[in-house]
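Colleague:
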Amino acid sequence: MRQLFLSIAILLCSSSLAASWQIGVDAMCIDSAFAGALRLDAEASYCWDELRLTVPIRYSRSFEHELDFIEAEIAVSVYPIDGCGFFLGASMVRMGFFWGLEAPLERFILFSEVIAGWTFSWPWFFLEPRIAVLDLYRAEEGRLEDLGEAVPQYSKLRFSLIVGVEIP
Numbered sequence: 094m095r096q097l098f099l100s101i102a103i104l105l106c107s108s109s110l111a112a113s114w115q116i117g118v119d120a121m122c123i124d125s126a127f128a129g130a131l132r133l134d135a136e137a138s139y140c141w142d143e144l145r146l147t148v149p150i151r152y153s154r155s156f157e158h159e160l161d162f163i164e165a166e167i168a169v170s171v172y173p174i175d176g177c178g179f180f181l182g183a184s185m186v187r188m189g190f191f192w193g194l195e196a197p198l199e200r201f202i203l204f205s206e207v208i209a210g211w212t213f214s215w216p217w218f219f220l221e222p223r224i225a226v227l228d229l230y231r232a233e234e235g236r237l238e239d240l241g242e243a244v245p246q247y248s249k250l251r252f253s254l255i256v257g258v259e260i261p
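Yeah, the sequence shown ends on 261 if you go by this note's numbering, and it's all consecutive.
1. Quick check: the Cα distance between F71 and E242, rounded to an integer number of angstroms?
2. Near D119, which residues of its chain fall below 7 angstroms by C-beta distance, leaving aside the five closest residues on each side in sequence?
3. When you compare only the Cα positions, how much space is there between M121 and G257?
4. Taking the straight line between their C-alpha atoms, what separation do you get for F180 and T147?
5. Quick one: is P173 buried, meaning 16 or more other Cβ sit within 10 Å of its Cβ, or exposed?
6. What are the boundary residues of the alpha helix (DSSP H) that D134 is part of?
7. Quick one, are the C-beta atoms of V169 and M185 less than 7 angstroms apart?
8. So is C140 buried or exposed if we call it buried at 16+ other beta carbons inside 10 Å?
9. Going by beta carbon distance, what residues of the same chain come within less than 8 angstroms of R236, once the five residues before and after it are set aside?
10. Buried or exposed: which applies to V171, given that a residue is buried once 16 or more other Cβ atoms fall within 10 Å of its Cβ?
11. Between the C-alpha atoms of W211 and W217, what's the straight-line distance to the nearest angstrom?
12. Decide if E136 is buried, meaning its Cβ has at least 16 other Cβ atoms within 10 Å, or exposed.
13. Using three-state DSSP, classify F219 as helix, strand or coil.
14. Is I123 helix, strand or coil when you go by DSSP?
15. Roughly how many whole angstroms lie between the Cα atoms of R145 and S205?
16. If you compare alpha carbons, which of S155, I150, G182 is closest to G129?
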């Protein structure tokens, strides 16, 4: 774990002048107003050249079940085509925690995610439609299905629209 943080610190310190910070929220979470559950997604990213390091934090709550779920992740994305905005990414580590009366016995969960999307940037603003596939290796299939039943917005295949500010 120490090597991971040391590697990230070295990359941040040696980054080019074209680096930027991004802070955004998932606009698709607005569907929580029409469902029996709440889902909030926010993230902070550091971009340099064709690489991006993202730290999302997500909270889900079911109003029909006694279940809450919070998760965080560290993800790395690459922009393989210069100037296109298309990216591919994967989680380095993604973990979550359940609580409430209907929480599973094993409350801590480790799982994975792969993402693809496009970043459209303007001065101080960005828009990013993306698709994400959770738990590609099906390591936590049972608990994620239970979460999907309690929180309808939580599915293995998720379409997102990240809206945020970009600070050069």
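Note that beta-carbon positions come from the ideal geometry of N, C-alpha and C, so glycine has one too. Predicted, not measured: the structure shown is a model, and the values here were computed from it.
Modeller: Let me lay it out:
1. With the chain covering 94 to 261 only, the question about residue 71 has no answer from this structure.
2. Position 26 of the sequence shown, counted from the start, is the residue given in the question as residue 119. Closer than 7 angstroms at the Cβ level, and outside the excluded window around D119, lie D134, S253, L254, I255.
3. Your numbering for residue 121 matches position 28 in the sequence shown. Your numbering for residue 257 matches position 164 in the sequence shown. A straight-line Cα-Cα distance of about 13 angstroms links M121 and G257.
4. Position 87 of the sequence shown, counted from the first residue, corresponds to residue 180. Position 54 of the sequence shown, counted from the first residue, corresponds to residue 147. For F180 and T147, the distance between alpha carbons rounds to 13 angstroms.
5. For the purposes of this step, residue 173 is taken as the residue at position 80 of the sequence shown. So P173 ends up on the exposed side.
6. Taking the first residue of the sequence shown as 1, we reach residue 134 at position 41. Bounds of any alpha helix (DSSP H) do not take in D134; it lies within the beta strand (DSSP E) bounded by 130–141.
7. On the sequence shown, residue 169 is found 76 positions in, with the first residue counted as 1. On the sequence shown, residue 185 is found 92 positions in, with the first residue counted as 1. Closer than 7 angstroms, so yes.
8. Numbered from its first residue, the sequence shown carries residue 140 at position 47. The Cβ neighbour count for C140, taken over all protein chains shown within 10 Å, is at least 16; the residue is labelled buried.
9. Translated into positions along the sequence shown, residue 236 becomes position 143. Contacts found: F191, P197, E199, I202.
10. Translated into the one-based positions of the sequence shown, residue 171 becomes position 78. Its Cβ having fewer than 16 others within 10 Å, V171 is exposed.
11. Taking the sequence shown and counting its residues from 1, one reaches residue 211 at position 118. Taking the sequence shown and counting its residues from 1, one reaches residue 217 at position 124. Distance between the alpha carbons of W211 and W217: 17 angstroms.
12. Within the sequence shown, residue 136 is the residue found at index 43, counting from 1. The Cβ neighbour count for E136, taken over all protein chains shown within 10 Å, is at least 16; the residue is labelled buried.
13. The count along the sequence shown starts at 1 and reaches residue 219 at position 126. Residue state, collapsed to three classes: strand.
14. Walking along the sequence shown from the start, residue 123 turns up at place 30. Correct three-state label for I123: helix.
15. By one-based count along the sequence shown, residue 145 stands at place 52. By one-based count along the sequence shown, residue 205 stands at place 112. Rounded to the nearest angstrom, the two C-alpha atoms are 17 angstroms apart.
16. As a working note, residue 129 is residue 36 in the sequence shown. Measuring from the Cα of G129, the nearest candidate turns out to be S155.
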